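> Residue numbers (my numbering), protein chains in the order written: chain C, 137 to 596; chain G, 2 to 424.
For every residue, glycine included, the Cβ atom is placed at its ideal position computed from N, Cα and C.
Note that the structure is a prediction, hence the values are computed from the model and not measured.
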Amino acid sequence: MPKVKQLSVAMYFLGALIFLPIGVTYGLFSATHFIMPTWVEGIPQLQFGRMRPVHIHLVAFGWLSMAYVGSMYYMIPKMCKTPLWSETLGRCTAVAHFLWIIAAVFCISNGITEAREYAEAPWFLDIIFLIYLIAVAVNLFMTIANRTQKKLYVSVWYFTGTLIWFPCVYILGNRVFMRLDGLNDAIANWFYGHNILGLWFTTVGIGISYYLLPLLVRRPVYSHKLSMIGFWAIALFYAPTGTHHILQSPVPYWLKSLAIVSSIGLLVPVLTVLFNFFLTLDKKWPQAYANYTLRFLIAGCVFYLITCTQGPFQATRWVNWYIHFTQWVVAHAHLALLGTFTNMSIASIYYIVPRLTGRPIFSRPAMAWHWWLTQMGFTWFFVGLTIAGLVQAAGWRYGYPIVQWVQAMYPEQIMRWMGGIMIVTGQYIFTWNIYRTFFTPAEVEEETETPVASAAAQAA
Amino acid sequence: MQVRQKDYAFLVAFVSATFLSIVFMTVILPNMVFQPAPSDYVVLYTEQELRGREIYKREGCWYCHTQFVRPQDRNEGPVALSGDFEFRPETVQLADEMGVQLVHLLGTERTGPDLSLIGGKMPDSWHKAHHSNPQAFNPGSVMPKFNYLSEDDMDDLVAYVQTLGREKNKRSREAMAAFKGNYNAAYQQSPEGGVSLGYLVEPEVPWEFKQYYEKKHKNQNPQKYENRIIAGARGIFNNKCAVCHGVQGDGQGPRALSLTERPANFQSNDPNMGYDEWSDIKWYWKIAEGAGPGAVMPRWNGVLSEEQIWYLAIYCRYLAADRTMPFPSRDDPERDPSLPGKTFHYEGDDLMVTYPEPPPGTPLTDPGAITEPVEQLDEELVEAGTPVASDPSAVATGDAPADGIAAPAGESATAEQPATATH
Numbered sequence: 137m138p139k140v141k142q143l144s145v146a147m148y149f150l151g152a153l154i155f156l157p158i159g160v161t162y163g164l165f166s167a168t169h170f171i172m173p174t175w176v177e178g179i180p181q182l183q184f185g186r187m188r189p190v191h192i193h194l195v196a197f198g199w200l201s202m203a204y205v206g207s208m209y210y211m212i213p214k215m216c217k218t219p220l221w222s223e224t225l226g227r228c229t230a231v232a233h234f235l236w237i238i239a240a241v242f243c244i245s246n247g248i249t250e251a252r253e254y255a256e257a258p259w260f261l262d263i264i265f266l267i268y269l270i271a272v273a274v275n276l277f278m279t280i281a282n283r284t285q286k287k288l289y290v291s292v293w294y295f296t297g298t299l300i301w302f303p304c305v306y307i308l309g310n311r312v313f314m315r316l317d318g319l320n321d322a323i324a325n326w327f328y329g330h331n332i333l334g335l336w337f338t339t340v341g342i343g344i345s346y347y348l349l350p351l352l353v354r355r356p357v358y359s360h361k362l363s364m365i366g367f368w369a370i371a372l373f374y375a376p377t378g379t380h381h382i383l384q385s386p387v388p389y390w391l392k393s394l395a396i397v398s399s400i401g402l403l404v405p406v407l408t409v410l411f412n413f414f415l416t417l418d419k420k421w422p423q424a425y426a427n428y429t430l431r432f433l434i435a436g437c438v439f440y441l442i443t444c445t446q447g448p449f450q451a452t453r454w455v456n457w458y459i460h461f462t463q464w465v466v467a468h469a470h471l472a473l474l475g476t477f478t479n480m481s482i483a484s485i486y487y488i489v490p491r492l493t494g495r496p497i498f499s500r501p502a503m504a505w506h507w508w509l510t511q512m513g514f515t516w517f518f519v520g521l522t523i524a525g526l527v528q529a530a531g532w533r534y535g536y537p538i539v540q541w542v543q544a545m546y547p548e549q550i551m552r553w554m555g556g557i558m559i560v561t562g563q564y565i566f567t568w569n570i571y572r573t574f575f576t577p578a579e580v581e582e583e584t585e586t587p588v589a590s591a592a593a594q595a596a
Numbered sequence: 002m003q004v005r006q007k008d009y010a011f012l013v014a015f016v017s018a019t020f021l022s023i024v025f026m027t028v029i030l031p032n033m034v035f036q037p038a039p040s041d042y043v044v045l046y047t048e049q050e051l052r053g054r055e056i057y058k059r060e061g062c063w064y065c066h067t068q069f070v071r072p073q074d075r076n077e078g079p080v081a082l083s084g085d086f087e088f089r090p091e092t093v094q095l096a097d098e099m100g101v102q103l104v105h106l107l108g109t110e111r112t113g114p115d116l117s118l119i120g121g122k123m124p125d126s127w128h129k130a131h132h133s134n135p136q137a138f139n140p141g142s143v144m145p146k147f148n149y150l151s152e153d154d155m156d157d158l159v160a161y162v163q164t165l166g167r168e169k170n171k172r173s174r175e176a177m178a179a180f181k182g183n184y185n186a187a188y189q190q191s192p193e194g195g196v197s198l199g200y201l202v203e204p205e206v207p208w209e210f211k212q213y214y215e216k217k218h219k220n221q222n223p224q225k226y227e228n229r230i231i232a233g234a235r236g237i238f239n240n241k242c243a244v245c246h247g248v249q250g251d252g253q254g255p256r257a258l259s260l261t262e263r264p265a266n267f268q269s270n271d272p273n274m275g276y277d278e279w280s281d282i283k284w285y286w287k288i289a290e291g292a293g294p295g296a297v298m299p300r301w302n303g304v305l306s307e308e309q310i311w312y313l314a315i316y317c318r319y320l321a322a323d324r325t326m327p328f329p330s331r332d333d334p335e336r337d338p339s340l341p342g343k344t345f346h347y348e349g350d351d352l353m354v355t356y357p358e359p360p361p362g363t364p365l366t367d368p369g370a371i372t373e374p375v376e377q378l379d380e381e382l383v384e385a386g387t388p389v390a391s392d393p394s395a396v397a398t399g400d401a402p403a404d405g406i407a408a409p410a411g412e413s414a415t416a417e418q419p420a421t422a423t424h
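(1) Got a sec? Which residues, its chain only, sit under 7 Å from A492(C) by beta carbon, not counting five neighbours each side?
(2) What number of angstroms, rounded off, separates the C-alpha of E79(G) from the C-alpha of Q549(C)?
(3) Thinking just about the alpha-carbon of each residue, which of H128(G), C245(G), V101(G) and G303(G) is nearest to the one in T47(G)?
(4) Taking C-beta to C-beta, are Y428(C) and M211(C) nearer than 9 Å?
(5) Taking the C-alpha atoms as reference points, what is the distance between F147(G) and A251(C)?
(6) My guess is that I559(C) and V160(C) are in contact by the Cβ rule of under 8 Å, so how many angstroms apart are they, rounded?
(7) What does a CB cutoff of less than 7 Å around T576(C) pick up in its chain, not counting 5 residues either side in sequence?
(8) Please check if any C-beta of chain C sits within less than 9 Å of the C-beta of T47(G).
(9) For the segment 146–179 of chain C, list every residue whose C-beta sits within 8 Å of some C-beta in chain G, in sequence order.
(10) What residue range does the alpha helix (DSSP H) around N427(C) cover?
(11) Under 9 Å between the Cβ atoms of K217(G) and V304(G)?
(12) So within the segment 241–318 of chain C, which uninterrupted alpha helix (DSSP H) runs reach at least 4 residues, ignoring any that extend past its ends?
(13) Return no unless some Cβ of chain C is closer than 9 Å to the Cβ of I237(G).
(14) Compare the C-beta of N599(C) against all C-beta atoms of chain G and say whether one is closer than 9 Å.
(15) Is the beta carbon of F265(C) less than 9 Å from the beta carbon of I154(C)?
(16) State whether the segment 373–380 of chain C contacts the segment 402–422 of chain C, with contact taken as three or more CB pairs (one from each stretch) at a distance under 8 Å.
(17) For I538(C) and K219(G), I'd like the C-alpha separation in whole angstroms.
(18) How big is the Cα-Cα spacing for E373(G) and L164(C)?
(19) To test your reading of the DSSP string, which unbroken alpha helix (DSSP H) runs of 4 or more residues are found completely within the segment 94–179 of chain G?
(20) Could you tell me the alpha carbon to alpha carbon distance between Y389(C) and S398(C), rounded to whole angstroms?
(21) Where does the unbroken alpha helix (DSSP H) through M208(C) begin, and where does it stop?
(22) Under 9 Å, Cβ to Cβ, is there at least one residue of chain C near A81(G)?
(23) Counting C-beta neighbours from all protein chains within 10 Å, is the total for W516(C) 16 or more, i.e. buried, or is it exposed?
(24) Please state if the CB of T249(C) and the CB of F327(C) are separated by a distance shorter than 9 Å.
(25) Whose CA, out of A96(G), L45(G) and E87(G), lies closest to the CA of R52(G)?
(26) Report buried or exposed for I332(C), applying the criterion of at least 16 other Cβ atoms within 10 angstroms of its Cβ.
(27) Hey, could you find the ends of the alpha helix (DSSP H) G525(C) is sitting in?
(28) By the 9 Å beta-carbon criterion, what residues does the segment 289–304 of chain C contribute toward chain G?
(29) What is the rounded straight-line gap between the Cα of L150(C) and the Cα of S345(C)?
(30) Can you confirm whether F184(C), when its beta carbon is compared against all beta carbons of chain G, has any partner nearer than 9 Å?
(31) Under 9 Å between beta-carbons, which chain C residues line up against F69(G)? List them in chain order, please.
(32) Given L509(C), which residues of its chain have a CB within under 8 Å of its CB, disregarding the five upstream and five downstream residues?
(33) Among the candidates L383(C), W421(C) and A529(C), whose CA atom is the shortest distance from the CA of I459(C)?
(34) Does the beta carbon of K146(G) come closer than 9 Å to any beta carbon on chain C?
(35) Are L394(C) and I323(C) touching if we call contact CB-CB under 9 Å?
(36) Between the segment 228–260 of chain C and chain G, which residues of the former have a C-beta closer than 7 Å to a C-beta of the latter?
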């Protein structure tokens, strides 16, 4: 392993890359249950009801969150022109995060679960994760406080907001210190279930994109003002949207209306952010031909556009009325976490790893394979699941016998499964590639390019 | 270089304030103002049922099964009310003592049926057998086999599953028993003004439907081709309906075994049900829209074409016209396969059903069995030539009296026999 500039970041990325292939394999395994429901019998840990939360924990909390914190540990010091406040704390948190995921996966696999979506980990792990989040936040806030760059780039705004919001969302969602009964539990659960996406995955993902995009296309962000509008709009509109997951349940009507209105309001931050991105890319699109990092980032942005136009649309009463409770929603969730934020995190890793190790990514053909397998596989996956969702919705709408539409979904499930195989293969190639980049012996090492200076700071 | 921190502190304060106000609005305020009282249908859990609830959570049942009926769900039952999800204080206390979290189990996606009204529809032993091998009951089901659950866990889980909608289902059964008879009469005679029964059974064909289909019925005039239709409908009936209602429409199909409520017996001579008086349109409506909320029978509208449902309607009227079957008594285990007391278990991969011992002295005969030799029966029918129907208005005999669409001569013949006799 070469001398790494910031070991905490490398630890986060290497940990994330262990959970990514395992997590997608879990996803593929559970998708296989839809085609061959009895292909593993008698092993409780490998049944759908337990694999699904494990899959979520591995990819959302293992892969994405570790890649996110690693990226923040790299980007915030760069943007503040100061080293990370405590590198030791950073390394400790990396180890803690890694062990936490293993503990959570172990607990859920063995049936120790809270049965709240995205919050299945038992209460003692909730408290540990909360302490962990606070440690990360303190480390990064102290870094920002010690900064030598006065003006704050918009990514720091996003990261700041996230580091305040996410621990609060986590406390509320896991009900660590309170108990709610009946439907209030559902309201709090979906407040958490949606805001873990909105105030953690989205805001950090957008922050990462705001950092990477100007550097990759070597041009400042189109409009700083627009990015501020996007930030404040997300702060205002994202948090109240959770109730749109239970629009047909008997929760208060005003709460549902509030959720729908803010869901539609989400078009404001999404469109401003993407307008900003695409205008930054204006006339620079051909660069994506040669640059896989930029390709992944643009793919993330395009999928973000699809996700976030689909989202407000399906949060309205009459669309939700039809597609609620179907695989359509599963497709949408994957569009956000796999299509958008995984692509952004991949771009972030491809960008940061050469700058950490001082050597280029080990294999460029492997990057190409990773790109094509991920995007093609995901497209298959998304289209398949969306059609399956429409079949299922029609089944519920017309009151068909359930087995009938379950069987009607079979071709689409095969399609999703095939897409899943492509995605999984791509992620194994990715992991192999990054690990080879880190661990190739020195004699194979080639000449490295010098890291690009922080254009992000100039853009501000 | 030291940087002024005032701007940044301002940002942090503003971000926090925005967020906290939203949290207040969407989490704390609803909890303050939205405190529905537990409804009458809320179940008081026992210790075993709470343990079962933990197993329901542990095995991730709630990832595929929801627990609330949405307004748009047809054929599922009464729409969930806010009070249905509260807990009785005793339940909360017991859960606290047991260290059980009473999380909501509304569910997030529906790969399987909604379970909020499953309680009491099937016997415990059916649930256990189904959990162990769902594909044996529903070929094509994607439910995992929970055959790894221990005996105790399975008992607890089934005890919990039986609580779901138990109160609602119990009321509907009680009400049905109390107002047995014409659905219409039941609706109107309800002492609670018909409102409380509103969700149980749709009483009469809705007038808009009736108007529309009376016109259609008149234009299409299916009665004209009735004989041919009955011959054709038999296939559809045997394919889709006979599994519960039996080939003869006597409510003794194989699936009747797994239901606690017996499927309708169209041949019953129970004067209260009055199946023989149902019009084509009423049959059409029942087949198209299902037996009613909370019943196991699905809506066939959309699954079958309009023409196919007309066929079935006429066929059902034809089956109902033959009122030779005595109305089965609930206490007669031989006549009613769905009586409680029967149990399911596995011997290897085979599902076995054990019936309770009949009272001593009861002759053990299958009501649907052919007691006479088949050859003899055929001769009889060929000789007779004309169908034997107790109600001539229900079965058209004028067009082709001898084309084999005869009603069975008695309870000893199945619906297929006349056809095989002449072809």
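In this structure, then:
(1) As a position in the first sequence, residue 492(C) is number 356, starting the count at 1. First, the amino acid is wrong: residue 492(C) is Leu here, not Ala. So the list reads V140, K141, Q142, V145 and A146, once near-sequence residues are dropped.
(2) Stepping through the second sequence from its first residue, residue 79(G) is reached at position 78. Stepping through the first sequence from its first residue, residue 549(C) is reached at position 413. The question names Glu, yet the displayed sequence has Pro at residue 79(G). Those two C-alpha atoms are separated by around 32 Å.
(3) Within the second sequence, the letter at position 46 stands for residue 47(G). Cα-wise, what sits closest to T47(G) is V101(G).
(4) Here residue 428(C) is taken as the residue at index 292 of the first sequence, counted from 1. Here residue 211(C) is taken as the residue at index 75 of the first sequence, counted from 1. Not a contact, by the Cβ cut-off of 9 Å.
(5) As a first step, residue 147(G) is located in the second sequence; it is residue number 146 there, counting from the start. As a first step, residue 251(C) is located in the first sequence; it is residue number 115 there, counting from the start. Going by the C-alpha atoms only, they are around 18 Å apart.
(6) Within the first sequence, residue 559(C) is the residue found at index 423, counting from 1. Within the first sequence, residue 160(C) is the residue found at index 24, counting from 1. So it is a contact: roughly 6 Å between Cβ atoms.
(7) As a first step, residue 576(C) is located in the first sequence; it is residue number 440 there, counting from the start. So the qualifying residues of the chain are F498.
(8) Position 46 of the second sequence, counted from the first residue, corresponds to residue 47(G). Taking Cβ atoms only, chain C never reaches closer than 9 Å to T47(G), which makes this a no.
(9) H169, F170, P173, T174, E177, G178 and I179
(10) To locate residue 427(C), count along the first sequence from 1; it is residue 291. First-last for N427(C): undefined, no H or E at that position.
(11) Mapped onto the second sequence, residue 217(G) falls at position 216. Mapped onto the second sequence, residue 304(G) falls at position 303. Their beta carbons are not under 9 Å apart, which means K217(G) does not touch V304(G) by this criterion.
(12) 259–281 and 290–310
(13) What you label residue 237(G) is simply residue 236 of the second sequence in a count that begins at 1. It does not: the Cβ of I237(G) has no partner Cβ on chain C nearer than 9 Å.
(14) Residue 599(C) lies beyond the stretch modelled for chain C, which goes from 137 to 596, so this question has no answer here.
(15) Within the first sequence, residue 265(C) is the residue found at index 129, counting from 1. Within the first sequence, residue 154(C) is the residue found at index 18, counting from 1. No, the pair does not count as a contact, with Cβ atoms beyond the cut-off.
(16) yes
(17) Position 402 of the first sequence, counting from 1, holds the residue named residue 538(C). Position 218 of the second sequence, counting from 1, holds the residue named residue 219(G). The straight-line gap from Cα to Cα measures roughly 34 Å.
(18) Here residue 373(G) is taken as the residue at index 372 of the second sequence, counted from 1. Here residue 164(C) is taken as the residue at index 28 of the first sequence, counted from 1. At E373(G), the pLDDT of 49 sits below 50, so the modelled position is not reliable; the number obtained from the coordinates is stated separately. Straight-line Cα distance between these residues: approximately 58 Å.
(19) 125–133, 135–138, 152–162 and 167–179
(20) Position 253 of the first sequence, counted from the start, is the residue given in the question as residue 389(C). Position 262 of the first sequence, counted from the start, is the residue given in the question as residue 398(C). Near 14 Å, if we compare the C-alpha coordinates of S398(C) and Y389(C).
(21) To locate residue 208(C), count along the first sequence from 1; it is residue 72. Per DSSP, M208(C) belongs to the alpha helix (DSSP H) from S201 to C216.
(22) Working through the second sequence from its first residue, we reach residue 81(G) at position 80. At least one chain C Cβ lies under 9 Å of A81(G).
(23) Here residue 516(C) refers to the residue found at position 380 of the first sequence. So W516(C) counts as buried.
(24) By one-based count along the first sequence, residue 327(C) stands at place 191. By one-based count along the first sequence, residue 249(C) stands at place 113. Result no, Cβ atoms of F327(C) and T249(C) do not sit closer than 9 Å.
(25) If you number the second sequence from 1, residue 52(G) lands on position 51. Here the closest residue by C-alpha is A96(G).
(26) Locating residue 332(C) in the first sequence gives position 196, where the first residue counts as 1. The residue is buried, with at least 16 neighbouring Cβ atoms inside 10 Å.
(27) Stepping through the first sequence from its first residue, residue 525(C) is reached at position 389. Per DSSP, G525(C) belongs to the alpha helix (DSSP H) from R500 to Y534.
(28) V292, W293, T296, G297, I300, W301 and C304
(29) Within the first sequence, residue 150(C) is the residue found at index 14, counting from 1. Within the first sequence, residue 345(C) is the residue found at index 209, counting from 1. Going by the C-alpha atoms only, they are around 21 Å apart.
(30) One-based indexing of the first sequence puts residue 184(C) at position 48. Taking Cβ atoms only, chain G reaches closer than 9 Å to F184(C), which makes this a yes.
(31) The residue labelled residue 69(G) in the question sits at position 68 within the second sequence. What F69(G) touches in chain C: I382, Q384, S385 and P386.
(32) For this step, residue 509(C) is matched to residue 373 along the first sequence. Excluding positions up to five away in sequence, the list reads M558, I559, T561, G562 and I565.
(33) Numbered from 1 along the first sequence, position 323 holds the residue referred to as residue 459(C). If we check each option's Cα against that of I459(C), A529(C) comes out closest.
(34) For the purposes of this step, residue 146(G) is identified with residue 145 of the second sequence, where counting begins at 1. Interface residue, yes.
(35) Against the first sequence, residue 394(C) aligns to sequence position 258. Against the first sequence, residue 323(C) aligns to sequence position 187. Their beta carbons are not under 9 Å apart, which means L394(C) does not touch I323(C) by this criterion.
(36) G247, T249, E250, A251, R252 and E253
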